[in-house]
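All residue numbers for the sequence shown refer to the working numbering, where the first residue is 234 and numbers rise by one. The beta carbon of each residue, even a glycine, is placed where N, CA and C say it ideally should be. Worksheet: one structure, shown below.
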Amino acid sequence: MGSPRLVATDLDGTALRSDGTVSPRTLAAFALVESAGATLVFVTGRPPRWMHTVAAAVRHQGLAICANGALVYDLHTEQIVKSHLIATDVLEEVVRRLREKVPDLAFSVEYEGGFAHESDFRLGSWDSDVTAGFHVEYVETAALLSRPCAKLLALHPGMDPDLLQATVHGLVGDLVTPTHSSGQALIEMSAHGVTKASALARLAEIRDIGSTEVIAFGDMPNDLPMLRWAGTSYAVANAHTEVLAAVDHVTAANNDDGVAMVLEGLYRR
234 MGSPRLVATD
244 LDGTALRSDG
254 TVSPRTLAAF
264 ALVESAGATL
274 VFVTGRPPRW
284 MHTVAAAVRH
294 QGLAICANGA
304 LVYDLHTEQI
314 VKSHLIATDV
324 LEEVVRRLRE
334 KVPDLAFSVE
344 YEGGFAHESD
354 FRLGSWDSDV
364 TAGFHVEYVE
374 TAALLSRPCA
384 KLLALHPGMD
394 PDLLQATVHG
404 LVGDLVTPTH
414 SSGQALIEMS
424 AHGVTKASAL
434 ARLAEIRDIG
444 STEVIAFGDM
454 PNDLPMLRWA
464 GTSYAVANAH
474 TEVLAAVDHV
484 TAANNDDGVA
494 MVLEGLYRR
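This is the structure we're talking about:
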């Protein structure tokens with residue numbers, strides 16, 4: 234088999250350094266992929282409002298799958314081109330079930346064009362950089378759930394992230410697709426059946442690319458569906474233990490340009 238026709242990579246903790254930057258070596262490796270005629274797709278839990286810096290770094294080329302598969306984002310126009318949202322009645326039922334069994338949870342939502350949170354939802358480093366044109370607001374719970382959203386987030390003050398993930402899945406896994414990626418007790422929920430893999434598979438099908446022609450890189454549990462779907466899967470060395478156990482290969486850590494190392498070997502001529 235020749236070089237993969239599609240490269241799918243997570244951003245935070247995988248292709249990006251821990252300070253959120255794209256290294257010159259990684260940028261050059263991305264350029265190798267594009268010059269070879271392959272498709273490069275960023276597949277991230279990030280919302281679109283966090284994509285401006287990445288879009289600029291890659292010269293506004295290509296597509297990104299954002300919010301764990303809920304949104305497809307054109308990096309050239311910086312516009313959402315497809316969305317899979319959680320309906321309001323589902324949001325209400327999910328929050329009702331979770332609040333009944335895990336009362337210490339606080340909730341926030343990612344809309345297509347903004348972010349809102351309850352007063353008890355502690356904003357952390359993952360939401361410190363708000364892109365111009367989007368806004369963060371505090372609202373009452375009823376207002377929070379009053380319109381469809383791309384992602385519902387549930388934050389617990391102290392539970393182990395993996396235990397919280399299992400608990401949330403058991404309570405509402407029939408209504409939404411829960412996962413986590415921050416290393417904190419923060420669960421991210423997409424519409425039922427929506428994952429990084431589902432969005433990537435649709436994108437590949439449009440381009441007549443089979444899963445065996447795809448290479449994927451990731452580091453956290455929200456990457457697992459994509460890594461299992463792709464014909465070739467890599468974890469960076471700093472990945473979650475569950476991810477390290479699930480992939481075909483392991484490359485160097487994100488801060489050591491592990492993704493770039495693999496891409497250079499595949500596409501440099």
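Short Cβ contact (8 Å threshold) for residue i with residue j
i    : j    : result
H389 : D337 : yes
V266 : L496 : yes
D481 : V469 : no
E343 : A290 : no
G246 : N487 : yes
A493 : A262 : yes
V276 : D243 : yes
A479 : L457 : yes
R330 : V405 : yes
Residues bridged to residue i (per DSSP)
i    : result
V500 : The sequence shown places Tyr at residue 500, not Val. Per DSSP, none; premise fails for Y500.
A424 : V409
S466 : A449
D307 : L296 and Q312
S341 : H350 and L386
A241 : V274 and A449
L419 : L388
Residue i - containing alpha helix (DSSP H), residue span
i    : result
D395 : P394 to V405
H350 : Per DSSP, H350 belongs to no alpha helix (DSSP H); it is in the beta strand (DSSP E), G347 to H350.
D322 : T321 to K334
L436 : K429 to I439
E373 : Note, E373: premise wrong, no alpha helix (DSSP H); not H, not E.
H285 : H285 to A290
S268 : P257 to S268
T474 : T474 to A479
Other residues of its chain near residue i: CB distance less than 8 Å, five sequence neighbours each side excluded
i    : result
S316 : A303, L304, V305, E345 and A383
T374 : V328, F340 and E351
R250 : S256, N487 and N488
A271 : S236, P237, R238, L239, V240 and Y500
Delimiting residues of the beta strand (DSSP E) encompassing residue i
i    : result
P411 : V409 to T412
H482 : H482 to T484
Cut-off 6 Å between Cβ atoms - residues of its own chain near residue i, not counting five sequence neighbours on either side
i    : result
I442 : R238 and L239
M422 : L385, V409 and P411
L499 : S236
A449 : A241, M459, L460, A463 and S466
A432 : I298 and G302
A472 : D452
C-beta neighbour in chain B for residue i, strict 8 Å
i    : result
P237 : Among the chains in the structure shown there is no chain B, since it carries only a single protein chain.
Beta-carbon contacts of residue i that lie in its chain and below 7 Å, excluding the five residues immediately before and after
i    : result
D490 : S256, R258 and T259
L419 : L386, L388 and H413
H293 : L308 and H309
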